Amino acid sequence: MPIERFQFTGSDSNQLAATLDLPDRDPIAFALFAHCFTCGKDGLAASRIARELTEKGIAVLRFDFTGLGSSEGDFANSTFSSNIDDLVLAADHLRKTRKGPAILIGHSLGGAAVLAAASRIPDAKAIVTIAAPSDPAHVLHFLQDRIEDIRTQGQVEVSLAGRPFNIKREFLDDIAEHNLTTQVAQLHKALLVMHSPTDETVGIDNATRIFVAAKHPKSFVSLAGSDHLLSRKSDAVYVADLIAAWVIRYLDPVAPEQAAGETSAAPRNVVVRETRDSKYQNEIVIGPHHLFADEPVAVGGADTGPGPYDYVMAGLGACTSITMRIYADRKSLPLDRVTVTLSHSRIHAEDCAECETKAGMLDQFDRVISMEGALDADQRQRLMEIADKCPVHRTLTSEIRIVTKAAD
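The following block contains the structure:
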């Protein structure tokens, strides 16, 4: 399975190390995975579950929280709140580069984090917790003999899972402020709670409190026989299989022909939404394709993507080239390659002799077509005539009706 490794900027401006596990085919959905307290993205549970989910067609983004694994920063400066912020930023990065995560999966404290972050990730339709505490303050159990020292000294080195970590007073104060069950009650997303009844690290009563607090749709699966860290591969595989089977009813349906990798002839919507990352930047979603639109720096934008008229010209140019290719192939013309170069300007109507409008300003698209291949003069002339018959050309030069209404 393909694996992409990269970094993105976390809430404290540190570069966080991430891994995107991809299936061999187009993903049916993207998932964001949050690892357990002091663990990492490459831990056995995270990596095994991610690999198994890709086998089911689900892409998984996992990353190391601040100061852990390969991520930059000092773990001592991280808090539960900063972990939540980093999850939101990870989802933002995934949305910009691929597609927003429809599934949030969290293991142990990571489960508490995805529950807290879910309301800030609008793409998320389904949440999965694995051995998660119902109160993030549960981790203080591991610091029990050092809490007073931390409060008195401000920062203390403690041993967690046999490794030294610095814990600050700010971590204790922050984690005490979160009321997770209230957030669970307001989740408004499908929830799957997975927990072992013999978990000696986070007791099964935590799963009960999360499940009772949540509204439907909600499900509970007992991971009988597994330990807290899902140390056995068979347990991680079981978890992944259950997630893949459960989540499918909460994902957007995929048409059978699209699932087989074929294109549908039915028209599809184009959704344009502000990202608010810069003044004018917008995300464009066209089926599985994600693009960006912006304005040039000269007019106040950040130039992070083509402008609206650039996309109009791109549509006209692509339609021109495709229409010419269809005709050339059908007629067996020796057309090797088409290149269409376009520009947009505003002209005075009075300067256009063939235009019906004689006053004011008009939009003008200049289109220059280059054809490669052993074409004779008649063939070139015929292809130029065909260029004017492309559907987008006809749309732009015909009467257009645009119906605008407010969303419900």
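So the sequence shown is numbered by this note's numbering: it starts at -5 and just counts up by one. Even glycine gets a Cβ: it sits at the ideal position worked out from N, Cα and C. Just so you know, these numbers come straight off a predicted model, no measurement behind them.
- In the DSSP annotation of this structure, the continuous segment of the alpha helix (DSSP H) that includes Ala179 starts and ends at 174 to 179.
- Note that the stretch 331 to 339 touches the stretch 363 to 381; at least 3 beta-carbon pairs, one per stretch, sit closer than 8 Å.
- Counting along the chain, Asp199 sits inside the alpha helix (DSSP H) bounded by residues 198 to 207.
- CA-CA distance, Gly354 to Ala343, rounds to 6 Å.
- Secondary structure at Gln373: helix, using DSSP grouped into helix, strand and coil.
- Distance from the Cα of Tyr303 is smallest, within the candidate group Gln1, Pro385, Arg340, Val122, for Arg340.
- Within the same chain, Cβ atoms closer than 6 Å to the Cβ of Ala125 are found at Ser102, His189, Asp193, Val196, His222, the five residues on either side in sequence being excluded.
- For Arg(-1), the uninterrupted beta strand (DSSP E) segment begins and ends at -3 to 3.
- Cβ-Cβ distances below 7 Å link Leu47 to Ala25, Val54, Ala234, Ile237, Ala238 in the same chain, with the five nearest sequence neighbours on each side left out; the list follows chain order.
- As computed with DSSP, Ser339 is found in a beta bridge with Gln358.
- Counted as a single uninterrupted DSSP element, the beta strand (DSSP E) harbouring Val264 occupies residues 264 to 268.
- Between Ser128 and Asn200, the beta carbon gap of about 4 Å places them in contact (Cβ cut-off 8 Å).
- In the DSSP secondary-structure assignment, Glu277 is bridged to Arg267, Phe286.
- The stretch 79 to 87 makes no contact with the stretch 30 to 48; the number of CB pairs closer than 8 Å stays below 3.
- Residue nearest to Phe59 within the set Asp6, Pro290, Leu285, Cys349 is Asp6 (criterion: CA-CA distance).
- One Cα belongs to Lys90, the other to His284, and the distance between them is close to 7 Å.
- Val54: not part of any alpha helix (DSSP H); member of the beta strand (DSSP E) spanning 52 to 57, first to last residue.
- The beta-carbon distance between Phe74 and Ile169, rounded to whole angstroms, is 5 Å. This is short enough to meet the 8 Å contact definition.
- If you draw a straight line from the Cα of Leu134 to the Cα of Lys35, it is about 22 Å long.
- Sequence-distant partners of Arg267 (beyond 5 residues in either direction) whose C-beta falls short of 7 Å from its own C-beta, in its chain, are Asn276, Glu277.
- Contact between His87 and Phe2 holds, with the beta-carbon distance rounding to 4 Å and staying under 8 Å.
- The straight-line gap separating the alpha-carbon atoms of Ile121 and Ala112 is approximately 8 Å.
- Excluding sequence positions up to five before and after Asn77, its CB lies within less than 6 Å of the CB of Phe59, Ala107, all in the same chain and listed in chain order.
- Given a length threshold of 3 residues, each whole run of the beta strand (DSSP E) inside the stretch 66 to 113 is given here in chain order: 97 to 101.
- In this structure, DSSP gives Lys227 a helical state, which the three-state scheme calls helix.
- Going by C-alpha positions, Arg388 is about 7 Å away from Asp382.
- Pairing Glu151 with Ala70, the inter-Cα distance amounts to about 9 Å.
- Put simply, of Leu217, Ala110, Asp167, Trp240 the residue whose alpha carbon is nearest the alpha carbon of His182 is Ala110.
- One thing to note: Ala39 has its Cβ within 8 Å of the Cβ of Leu224.
- In the three-state reduction of the DSSP assignment, Arg331 falls in the strand class, which pools E and B.
- 8 Å or more divides the Cβ of Ile(-3) from the Cβ of Asp20.
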